[in-house]
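First comes the structure, then the notes that go with it.
Residue numbers (the numbering used here), protein chains in the order written: chain A, 74 to 402; chain B, 11 to 264.
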């Protein structure tokens, strides 16, 4: 089998999820005796191609064009379709980033193919690849297989594979092949403009050693002071899952997850958070995870070190009191 | 500004899920509007209030999805199209998108909106696939839409707290990020008015789409635990003091 990995640059730097996907490709290649082509796309990407060539891959494909300097879904789809048609991979792998979500399904569809997105793992069962992804917000896993002829398209969730296990090239460097693509300005219909961040964060949650995070279980904004009192007793910062910030109950800078902050504190205390994938990717690196949720089946318990199945409104005051008491004793 | 909003009906958030093969047992559980789609609907209604035109709701699935369609009409959508299909849950993303695109192609829509992803399958591909099949420009994870003549200025969310402005010509397809707006509730007046609104039902077979599935969900299951969770029990007070003990002397994080 021939595996093609589409690596991603984000504002002139690697998106590190690219290396996780490359590590996944190395494992799949080992299991299925496949070759790996690693692809970098953009403008002026010589140094990035050279870096990829140092990894254990069969070849590096360098796709450059003036019109690929800034990402556009039209530009990337047209260019990559040409590359796939000429290099004929069987399996095309992507990191499951916001950018990949924006164009990869269209790229696959333009070739009449489908994509299995946001995979957390795979198995090779007597030559057949089975991809594992989550459904129902992480409450279930699903085994998914491709139907029909290659090429097949799949993306891997951030954190599903370990970039630090990526193998270096055994003989120094893989060959770098530059591929020319035919792209005209009128084919690109959307125009990317300025990149920006919202008002500077007053708080840097990535540096907070202790975090108390609230989810939907908090029910109403008037209940937030109870969680804040607990955070204060603990000496930690308050944070939240996306729905709480969407509602405007806490500012966006307090949001943990794929669209917010990624944190790895000493302690992460999740109150009434179900543990949807989008949240978990932002906090699963915490050293100790405590989950308090009234639903014993909530996916957050999958990753918790300590769990209490209970109503958070009963636990929050009790825990605040217990923390105060332990400080004074 | 004529807008089509694609809305999926999904199991209610708190519904207990009983796994049956590669889907769930649908009897005995409640269904609701996919939350990300409710933001797309709200955005469509706001654009209509500002620019005039029509909001059409498009939903696929068995008879039960009419309940969600009625909710959308009660919130202010003008009419609805229901693609009836009892086996909707078995379709792959491309198969669903082909049926939606075939239906959208018969309408005169300036803008097609979808939510970011569904809370059941979570494929997150429908909007992008519709753009491919309808050959329209698209953008995803949209946090603001400003319409100026034949084009839109959009605010797109990127990762790690970054955003980007972009321009996109009309007609187009947009996937809306949750939290873009504050979703309205249906009023009693809206619920009464919805009773007179049209729901056109067509069957998916009648669209005559040729589609070979590109992927198949073999089975679904409760994931195996990667960590051993120690559950602390007792009264709230007991559980709380056990937890403080554990954090202090076992995990040593406080």
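Think of the CB as a built atom: it goes at the ideal place given N, C-alpha and C, for glycine as much as any other residue.
Residue state for residue 251 of chain B is assigned as helix, using DSSP reduced to three classes. The secondary-structure analysis by DSSP pairs residue 194 of chain A across a beta bridge with A/205. Residue pairing from DSSP places residue 366 of chain A in a beta bridge opposite A/382. For residue 51 of chain B, the CB contacts under 6 Å within the same chain, skipping 5 residues up- and downstream, are 15, 82 in chain order.
For the options A/253, A/200, A/312, A/398, the alpha carbon positioned closest to that of residue 139 of chain A is the one of A/253.
When DSSP states are grouped into helix, strand and coil, residue 234 of chain A belongs to the coil group. Closest in alpha carbon position to residue 349 of chain A, among A/191, A/162, A/125, is A/191. Rounded to the nearest whole angstrom, the CA to CA distance from residue 320 of chain A to residue 292 of chain A is 11 Å.
Excluding the 5 residues flanking it on each side, residue 152 of chain A has same chain C-beta neighbours closer than 7 Å at 114, 136, 138, 141, 254, 256, in chain order.
If you check the CB distance, residue 155 of chain B and residue 143 of chain B do not come in under 8 Å. Nearest in C-alpha terms to residue 140 of chain B, of all of B/120, B/131, B/171, B/104, is B/104.
DSSP places residue 21 of chain B inside the beta strand (DSSP E), whose first and last residues are 19-21. Beta bridge pairing from DSSP links residue 264 of chain A with B/177. Taking the Cα positions, residue 224 of chain B is about 6 Å away from residue 186 of chain A.
Counting only runs of 3+ residues, the beta strand (DSSP E) found wholly inside the region 27-110 of chain B occupies 41-43, 64-71, 89-94, in chain order. For residue 29 of chain B, the nearest CB of chain A lies under 8 Å from its own CB, placing it at the interface with that chain.
With respect to the 8 Å criterion, residue 344 of chain A and residue 276 of chain A are not classified as neighbours on the basis of their beta carbons. Between the beta-carbon of residue 393 of chain A and that of residue 302 of chain A there is about 5 Å, and that keeps the pair under the 8 Å contact cut. For the pair of segments examined, the region 77-95 of chain A was found to touch the region 229-246 of chain A: the number of CB pairs separated by less than 8 Å reaches three. Judged by DSSP in its simplified three-state form, residue 172 of chain A adopts helix.
Counted as a single uninterrupted DSSP element, the alpha helix (DSSP H) harbouring residue 317 of chain A occupies residues 315-319. DSSP places residue 102 of chain A in no beta strand (DSSP E) but in the uninterrupted alpha helix (DSSP H) bounded by 90-105. Judged by DSSP in its simplified three-state form, residue 162 of chain B adopts strand. For residue 100 of chain B, the closest Cβ of chain A is not nearer than 8 Å. Contact between the region 119-136 of chain B and the region 175-187 of chain B is present, with at least three C-beta pairs closer than 8 Å.
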